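All residue numbers for the sequence shown refer to this note's numbering, where the first residue is 23 and numbers rise by one.
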Amino acid sequence: MAAREFSLSFEIAPPSSVRPGQAFTLPVVVSVRQIGTPSGNVLALPVHASLRDEAGTGPATGLSGNLTTSCRDAKSGYVKFSPLVISKAGKYRVRIMLGAASYNGVVTKEYVDSSVITVAANAPAAQRPTASQVASLQRLTAQSLDITSADIAKWQAA
Numbered sequence: 023m024a025a026r027e028f029s030l031s032f033e034i035a036p037p038s039s040v041r042p043g044q045a046f047t048l049p050v051v052v053s054v055r056q057i058g059t060p061s062g063n064v065l066a067l068p069v070h071a072s073l074r075d076e077a078g079t080g081p082a083t084g085l086s087g088n089l090t091t092s093c094r095d096a097k098s099g100y101v102k103f104s105p106l107v108i109s110k111a112g113k114y115r116v117r118i119m120l121g122a123a124s125y126n127g128v129v130t131k132e133y134v135d136s137s138v139i140t141v142a143a144n145a146p147a148a149q150r151p152t153a154s155q156v157a158s159l160q161r162l163t164a165q166s167l168d169i170t171s172a173d174i175a176k177w178q179a180a
């Protein structure tokens, strides 16, 4: 078995509950870290978000928004997914999948699943950031992710 080359973790995870068809208030932000020596000549790190069933074992439909992005550095960094919307009521997970692009193509290197997201009409209209999320968001303003202090204030007031 090949050694792991990268790790993914949620800096700002998807909300635990949201209304169907309503965009997540906060962006989903994932940290990408090189933890080993990548095989091949990695030129770029494409990252994709998809929807999974509650168990995370099968694909689900209904996720829309900015679903694909790329890490600025071919070794580590942060990626932001916003806006994200789940169209149908139910229980799901968001899967973030990291690829490594080289002259030979793109290979999946790692993935991380969110906690369960309950999508229901009676969910809160907005998700206010917690104190730890605010601290993370403030730190992320320096990462060229198009997150500003004004955005953070707006999310806190939601």
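Idealized CB from N, CA, C, for every residue including glycine. Model, not experiment: these values are computed from the prediction.
Among all the DSSP beta bridges, which residues are the ones paired with residue i?
i, result
"Ile57", "Answer is none; Ile57 lacks a bridge partner."
"Leu48", "In the DSSP output, where bridge partners are listed per residue, Leu48 has none listed."
"Ala71", "Ile118"
"Tyr133", "Met119"
"Lys113", "Thr140"
"Lys102", "Val51"
"Gly127", "Ser124"
"Ile108", "Leu85"
For residue i, which residues in the same chain have their Cβ closer than 7 Å to its Cβ, ignoring the five residues on either side in sequence?
i, result
"Lys131", "Glu27, Phe28, Leu120, Gly121, Ala122"
"Gly84", "Leu73, Ile108, Ser109, Lys110"
If residue i and residue j are in contact, beta carbons under 8 Å, what's the gap, nearest whole angstrom?
i, j, result
"Leu159", "Pro151", "6 Å"
"Ala96", "Leu65", "6 Å"
"Phe32", "Val52", "6 Å"
"Ala145", "Val40", "5 Å"
"Ala25", "Gly58", "5 Å"
In three-state DSSP terms, what is residue i?
i, result
"Ser29", "strand"
"Arg41", "coil"
"Ala64", "Rather than Ala, the amino acid found at residue 64 in this sequence is Val. If DSSP states are grouped into helix, strand and coil, Val64 belongs with coil."
"Leu181", "Here the chain has residues from 23 to 180 only, and residue 181 is not among them."
"Thr163", "helix"
"Lys97", "coil"
"Ser158", "helix"
"Ser92", "strand"
"Ile34", "strand"
"Ile174", "helix"
So is residue i buried or exposed if we call it buried at 16+ other beta carbons inside 10 Å?
i, result
"Lys102", "buried"
"Ala147", "exposed"
"Pro49", "buried"
"Val141", "buried"
"Met23", "Residue confidence for Met23 is low, a pLDDT of 44 falling below 50, so the modelled location carries little weight; the figure read from the coordinates is stated next. Exposed is the call here."
"Tyr125", "exposed"
"Pro37", "buried"
"Ser137", "exposed"
"Thr170", "exposed"
"Gln149", "buried"
Does any CB atom of chain C fall closer than 9 Å to the CB of residue i?
i, result
"Val116", "Within the model displayed, chain C is absent; a lone protein chain is all it includes."
Which residues in the same chain as residue i place their Cβ atom closer than 8 Å to its Cβ, once the five residues preceding and following it in sequence are excluded?
i, result
"Pro81", "Ser72, Leu73, Arg74, Asp75"
Quick one: what's got a C-beta closer than 6 Å to residue i's C-beta in the same chain, skipping five residues either side?
i, result
"Gln165", "Tyr100"
"Asp135", "Gly78, Arg115, Arg117"
"Gly112", "Val141"
"Ser98", "Val54, Arg55, Gln56"
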